[in-house]
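Enquirer: Residue numbers (our numbering): 133 to 434.
(1) Put residue 159 into one of helix, strand or coil per three-state DSSP.
(2) Are there 16 or more other CB atoms within 10 angstroms of the CB of residue 313, so buried, or fewer, so exposed?
(3) Output the distance between the C-alpha atoms of residue 209 and residue 146, rounded to the nearest integer angstrom.
(4) Hey, how far is the Cα of residue 273 from the Cα of residue 253?
(5) First and last residue of the beta strand (DSSP E) that includes residue 300?
(6) With residue 269 as the anchor, note down where its alpha helix (DSSP H) starts and where it stops.
(7) By a C-beta neighbour count over all protein chains shown, 10 Å radius and 16 as the cutoff for buried, is residue 428 buried or exposed?
(8) By how many angstroms is the C-alpha of residue 144 removed from the C-alpha of residue 178?
(9) For residue 381, does the three-state DSSP call read helix, strand or coil?
(10) Residue 404 to residue 240, Cα distance in whole Å?
(11) Is the CB-CB distance between residue 371 and residue 415 below 8 Å?
(12) According to the Cβ coordinates, are residue 400 and residue 289 closer than 8 Å?
(13) May I have the straight-line CA-CA distance separating residue 136 from residue 153, to the nearest angstrom?
(14) Using the rule of at least 16 other Cβ atoms within 10 Å of the residue's Cβ for burial, across every protein chain shown, is residue 330 buried or exposed?
(15) Rounded to whole angstroms, what's the CA-CA distance from residue 205 to residue 285? Just pull it up for me.
(16) Alpha carbon to alpha carbon, how far is residue 249 from residue 337? Give it in angstroms, no decimals.
(17) For residue 344, report the span of its alpha helix (DSSP H) as first-last.
(18) Write down the C-beta distance between residue 340 and residue 368 rounded to the nearest angstrom, noting that I regard them as a contact closer than 8 Å.
(19) What did DSSP end up calling residue 404 once you bin it into helix, strand or coil?
(20) Going by beta carbon distance, what residues of the same chain come within less than 6 Å of residue 242, once the five residues before and after it are set aside?
(21) Give the secondary structure of residue 182 by DSSP, where H, G and I count as helix, E and B as strand, and everything else as coil.
(22) Have a look at residue 226 and residue 164 and give me their C-alpha separation to the nearest angstrom.
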């Protein structure tokens with residue numbers, strides 16, 4: 133039995149979408165083309181793969197068996213493409229890195245500086261973002277390594293190798309002129325008198341609510357959610373905001389005195405940050421060199 137991988141992609145799309153029409157929209161081909169692919173698969177298998185009805189396309193037992201193998205086959209195709217892509221760059225001395233915002237502003241600048249001093253001929257590009265899309269880029273071969281502390285709910289693919297880099301900590305910070313800094317001590321209740329700013333895509337807002345609830349207090353009346361560290365810095369200077377953010381993002385601001393840390397009061401959380409690489413692809417020499425530098429630099433942040 134000979135099956136075209138493209139038809140397997142169409143099969144997976146129909147199963148995931150629940151209907152032929154939605155699958156066609158998802159992968160941007162016509163519905164007749166999807167139907168033709170499924171019919172060809174049914175002819176090859178010798179059994180119906182879907183029961184069609186008002187609720188959409190319901191997979192048959194033959195379909196469920198085939199789609200499990202299809203996912204594995206397509207994953208191997210993707211991995212092969214990533215490895216070939218990485219191999220094609222082996223002699224170019226071009227390195228593509230993915231990093232979370234906090235690591236891009238803490239450990240990574242120092243590591244790149246040391247890396248350039250030792251290997252000035254290697255060029256480096258950096259994508260800054262969230263764990264899930266960065267790890268997808270690593271699997272696809274678009275990135276050579278990723279530095280990140282994965283957010284809650286991010287599943288780490290078995291095809292990725294992760295090694296501990298450092299422990300990230302949150303900090304509760306305010307601007308240098310904030311009224312709370314005039315007090316000898318700060319209570320949980322006093323924090324409710326001021327607006328807050330927290331990263332939008334994180335579990336920090338849940339943490340804030342949990343801490344106040346544990347003290348039988350309501351959550352803050354005003355919470356601005358943004359991923360922009362620059363916006364946070366600006367608001368901390370302009371208004372009496374309280375910010376809960378990764379300490380690494382604001383490390384330079386804390387050192388310079390433009391912002392100040394409040395007592396943690398139960399809000400601080402710690403997360404393990406890792407260096408991710410593909411398991412089955414031998415890393416580029418430049419990637420191995422940078423990984424060694426990163427681990428060395430990270431020791432100063434632990």
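Each residue gets a CB set at the ideal place from its N, CA and C atoms; glycine is no exception.
Expert: Judging by the given coordinates:
(1) It is coil, neither helix nor strand.
(2) Exposed, because fewer than 16 other Cβ atoms sit within 10 Å of the Cβ of residue 313.
(3) Whole-angstrom Cα-Cα distance: 19 Å.
(4) Cα to Cα, residue 273 sits roughly 22 Å from residue 253.
(5) Counted as a single uninterrupted DSSP element, the beta strand (DSSP E) harbouring residue 300 occupies residues 292-307.
(6) Where residue 269 is concerned, the enclosing alpha helix (DSSP H) stretches over 263-272.
(7) Looking at its Cβ environment, which holds fewer than 16 other Cβ atoms inside 10 Å, residue 428 is exposed.
(8) In this structure, the alpha-carbon of residue 178 lies about 18 Å from that of residue 144.
(9) DSSP places residue 381 in the coil class of the three-state scheme, outside both helix and strand.
(10) Between the alpha carbons of residue 404 and residue 240 lies a distance of about 16 Å.
(11) No; because the gap between Cβ atoms is not below 8 Å, this pair is not in contact.
(12) No Cβ-Cβ contact shorter than 8 Å links residue 400 with residue 289.
(13) Taking C-alpha positions only, residue 136 is separated from residue 153 by approximately 21 Å.
(14) Answer is buried; the Cβ neighbour count reaches 16.
(15) Straight-line measurement puts the Cα of residue 285 at about 25 Å from the Cα of residue 205.
(16) Distance from the CA atom of residue 337 to the CA atom of residue 249, rounded to whole angstroms, is 41 Å.
(17) Residue 344 -> alpha helix (DSSP H) spans 336-346.
(18) Rounded to whole angstroms, the Cβ separation of residue 340 and residue 368 is 17 Å, and the two are not in contact under 8 Å.
(19) DSSP, read as helix, strand or coil, puts residue 404 in strand.
(20) Shown here for residue 242: same chain residues with a beta carbon closer than 6 Å to its own, the five before and five after excluded, namely 429 in chain order.
(21) The three-state reading of DSSP puts residue 182 in strand, counting E and B together.
(22) Between residue 226 and residue 164, the C-alpha separation is close to 43 Å.
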